[in-house]
Amino acid sequence: MRASEETSPSDRNRRRKKSKTAETASRDLTKIEETIKALLSAGFIQKDKQRLVKKIKFTFDGKIKVNRSGDSLVNYNGIDIIVSKEDSGNAQNDDTVTVKIYDYRRGYFAGRVQKVGTRSKESNIARVTGKTGNLILFRLLDVQGDVNVCAQKKGTDAVVGDFATIALLDNKISGMSECKVIEYFKEDDESYDFIRIKNRHNLPDDHEYFKESAESIKVPDEELLNRKDYTKLFTVTIDGDTAKDFDDAISIKENKKTTKLYVHIADVSAYVPINSRLDQEAFLRGTSYYLGNRVIPMLPETLSNDLCSLKEGVKRYTLTAEMNFDEKGNLTKFEAFRGIIKVNKRLTYNIAEQMLNKRQWSQASLILHKMMKFANVLNAKRVRDGRLDLNLTDEEIVYDGNKVKEIKFSKRLKSQTLIEEFMLSANEAVSKALKENSTPSLYRVHEKMSDENLVALKKFLQVLGIKINITEAPGKAIQEILQKVSGKPYEQVVNLVVLKSMMSAFYGPEPLGHFGLGFLDYTHFTSPIRRYPDLIVHRCLKSLIDAKPGPYRLEELISIGDKSSTMERIAQKAERDLIKMKSCRIMKDRVGEEFDVIISGVTKFGMFVSLIEMPIEGMVPLKNLTDDYYILKEDDFTIIGRKYNRRYRLGDKIRVRLITADIETLRIDFDLVVAGKGTGSGTTSERKSSIRSDIKSGKRQRRERL
280 MRASEETSPS DRNRRRKKSK TAETASRDLT KIEETIKALL SAGFIQKDKQ RLVKKIKFTF
340 DGKIKVNRSG DSLVNYNGID IIVSKEDSGN AQNDDTVTVK IYDYRRGYFA GRVQKVGTRS
400 KESNIARVTG KTGNLILFRL LDVQGDVNVC AQKKGTDAVV GDFATIALLD NKISGMSECK
460 VIEYFKEDDE SYDFIRIKNR HNLPDDHEYF KESAESIKVP DEELLNRKDY TKLFTVTIDG
520 DTAKDFDDAI SIKENKKTTK LYVHIADVSA YVPINSRLDQ EAFLRGTSYY LGNRVIPMLP
580 ETLSNDLCSL KEGVKRYTLT AEMNFDEKGN LTKFEAFRGI IKVNKRLTYN IAEQMLNKRQ
640 WSQASLILHK MMKFANVLNA KRVRDGRLDL NLTDEEIVYD GNKVKEIKFS KRLKSQTLIE
700 EFMLSANEAV SKALKENSTP SLYRVHEKMS DENLVALKKF LQVLGIKINI TEAPGKAIQE
760 ILQKVSGKPY EQVVNLVVLK SMMSAFYGPE PLGHFGLGFL DYTHFTSPIR RYPDLIVHRC
820 LKSLIDAKPG PYRLEELISI GDKSSTMERI AQKAERDLIK MKSCRIMKDR VGEEFDVIIS
880 GVTKFGMFVS LIEMPIEGMV PLKNLTDDYY ILKEDDFTII GRKYNRRYRL GDKIRVRLIT
940 ADIETLRIDF DLVVAGKGTG SGTTSERKSS IRSDIKSGKR QRRERL
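All you need for our numbering is the position in the sequence shown, starting with 1, plus 279.
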């Protein structure tokens, strides 16, 4: 009886299989229920009585965002569709693609790229990695993930290591996307640098569509009326040696106790109507891009270098700010006019500096000395009022033809300070007038330091033995510290940490002031040839002059401000990358040499260092420090060895050896030579920082981003 009740092995196997089948069916049912719920929530399907009805197709268009691993996201109405690297075809970041949803897994929809519609870039930069059969193999640069492509040989003499500009095609060969080669570059060909950076940041091309000659461009009749004649007023421009777009000129009149300053700015708005094709293109560009000895202008050169440029001896239309000041530099009266000027003298910074250093008896020299005297009054007032006068310098790239010869520290000139102070005065006065008259406009905003950054700054200063009360009036308190550390061994590191503690400036419709400059009112008015927000401010100021409603609604100003802020950041990144590339070219023949450097930054990955002899920066990766296990102590701005307690603090001077300068990755890496204990006080006065900021900056001139 007992034996007959026992099951046979075949029965047990059938039972196990039946149980597994039931479990699988249960899991499948659960997944189906989850998928239906997700489809309903996403709006892809809807309930219709007892049926589920497909509301939309599971195929749609969108922009693809590629991450470092090569996987991607495509967003549809707030729903993220995951696209694996294998399912992305040859789509690149920001391409517009057609995606088809084919699965729902682990809480996400999975999709597959059906086709690439519009490319975010017409071309890419690639490097030759090999040859096989009749194909040349490439690796794409400046893209997310490791992307390999190929092209037909077609008689090329390209070798491994060469660079190329390529255009992706839709088909594949041997599993790789095919491309068409546009141009090859040898590694030592410096014409590649501009093309690489332009492509890396997707910068615009020249204004090919704008073919109008200067003679054919007409200013509207209404812009010719009611212009104030300044042609009898002695007027000068001061710009860089190679500048062609002169958008500001200055004049001055002195009385016993008052000074009248005239800042004449090129009236670009007279030539660029609102919402014209030219205006729309300027909006998209946002700014001019200064890349070494090359410029991608915001406006066509017919305007930027000719009609709008305030050339010597030629009548030009302006928007002129007239400002009256008392003997202490306080603004007592401001008026703005449409004007017409004729520049008496075009000066460069260097020529103006010579005039300021050695008094001459020309009218230009005498006027220049009056201007410098008054600029010093304005500067002293601003420092008293709480401007953060950071001790920062810019680098200067010196060329021999089109090849970089050296990168050196640019010397701070009195003539640059003169222009800077006058432009600041005009920007502040225009901003105040627009605000007081409730004229909608764009403003340049620099918010105060966050409480978190203030606390971190205070802790760092305490490490150096500097006590500070920064709770009441942080701007003035920080400026007092900057004055106290001037000339001290740790001057550079204090300036650097203050800079890194500050917020980034941006454009917006609210007059929130400028923390770094210590201004309650500030905008950008003085560079409409190369900054789109300045053009907007000109149009708003004209509406105030004409006693008419402003030309922009609030939502338009928000959109313009956001776009302009974004394009400014892109321009800054492009300029920095061009400097990195030129730095790599300077250093690549010096691998193995030793250099004295200052630690300019510390991270969990390594130490950023700045050379003392020239404004070039690189990194000492922590993986290269093999004598100990090093960790980052953020509160102390220090990297510390766990075993031997060796310390490397922000601002310390150390000795390093160059191990690589890579033009492809734009990286310069060093190895440590002398292991110092690092005191934190360092010898950071060995040189001034080359970091640029909104307070004192500008690749082309310091006034560029004030």
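Each residue gets a CB set at the ideal place from its N, CA and C atoms; glycine is no exception.
Residue burial classification, residue i (beta-carbon count within 10 angstroms, cutoff 16)
i           : result
residue 805 : buried
residue 384 : exposed
residue 884 : exposed
residue 498 : exposed
residue 973 : Confidence is the limiting factor: at residue 973 the pLDDT is only 43, short of 50, which leaves the residue's position unreliable, though a coordinate-based value still follows. It is buried - the Cβ of residue 973 has at least 16 other Cβ atoms within 10 Å.
residue 477 : buried
residue 730 : exposed
residue 790 : buried
residue 559 : exposed
residue 465 : exposed
residue 412 : exposed
residue 807 : buried
residue 565 : buried
residue 882 : exposed
residue 316 : exposed
residue 475 : buried
residue 828 : exposed
residue 957 : Residue placement at residue 957 cannot be trusted, given a pLDDT of 44 that sits under 50; what the coordinates show is reported in the next sentence. Buried, by the Cβ-count rule.
residue 642 : exposed
residue 959 : Because residue 959 carries a pLDDT of 37, less than 50, the predicted location of this residue cannot be relied on, and the following value inherits that uncertainty. When all chains shown are included, residue 959 counts as buried.
residue 242 : As displayed, the chain neither begins before 280 nor continues past 985, which places residue 242 out of reach and without an answer.
residue 786 : buried
Residue i, DSSP secondary structure in three states
i           : result
residue 471 : helix
residue 587 : coil
residue 782 : coil
residue 837 : helix
residue 816 : helix
residue 637 : coil
residue 697 : helix
residue 617 : strand
residue 777 : helix
residue 745 : coil
residue 987 : The displayed coordinates of the chain run from 280 to 985. Any statement about residue 987 would go beyond what the structure contains.
residue 957 : Caution is warranted here: a pLDDT of 44 is assigned to residue 957, below 50, making its placement in the model unreliable, and no coordinate value can be reported.
residue 476 : helix
residue 706 : helix
residue 808 : coil
residue 963 : For residue 963, the pLDDT reaches just 30, beneath the cut-off of 50, and the residue's location in the model is therefore unreliable, although a value from the coordinates is still provided. In the structure shown, residue 963 sits in a helix (DSSP, three-state: H, G or I).
residue 737 : helix
residue 465 : coil
residue 610 : strand
residue 603 : strand
Start and end residues, beta strand (DSSP E) containing residue i
i           : result
residue 926 : 926-928
residue 380 : 375-384
residue 786 : 785-787
residue 940 : 932-941
residue 339 : 338-345
residue 905 : Counting along the chain, residue 905 falls outside any beta strand (DSSP E), and DSSP gives it neither H nor E.
residue 372 : Element bounds for residue 372: n/a, residue is neither H nor E.
residue 361 : 358-362
residue 880 : 873-881
residue 683 : 682-688
residue 351 : 351-355
residue 920 : 917-920
Where the alpha helix (DSSP H) through residue i begins and ends
i           : result
residue 892 : Looking at the DSSP string, residue 892 is not in any alpha helix (DSSP H), and its letter there is neither H nor E.
residue 668 : From DSSP, residue 668 is part of no alpha helix (DSSP H); its letter is neither H nor E.
residue 500 : 500-503
residue 763 : 753-763
Residue i CB to nearest heavy atom of the ligand SAM below 7 Å
i           : result
residue 648 : Of ligands this structure carries none, so the ligand SAM is not represented either.
For residue j and residue i, believed in contact at Cβ under 8 Å, the rounded distance
i            : j           : result
residue 1014 : residue 597 : Residue 1014 cannot be examined here, being either before or after the span of the chain that is shown, 280 to 985.
residue 796  : residue 878 : At roughly 29 Å, the Cβ-Cβ gap does not stay under 8 Å, so residue 796 and residue 878 are not in contact.
residue 856  : residue 937 : Not quite, the Cβ-Cβ distance comes to about 20 Å (not below 8 Å), so this is no contact.
residue 515  : residue 626 : 6 Å
residue 567  : residue 809 : 4 Å
residue 836  : residue 788 : 4 Å
Residue-level contact to chain C via CB, residue i, 8 Å cutoff
i           : result
residue 874 : The structure shown contains no chain C, having only a single protein chain.
| said: Ignoring anything shorter than 3 residues, give me the beta strand (DSSP E) runs that lie fully in the region 515-597, in order along the chain. | reply: 515-518, 527-533, 537-545, 568-570, 573-575
| said: In chain order, what are the residue ranges of uninterrupted beta strand (DSSP E) at least 3 long that sit wholly in the region 374-455? | reply: 375-384, 387-397, 403-411, 414-419, 427-431, 442-452
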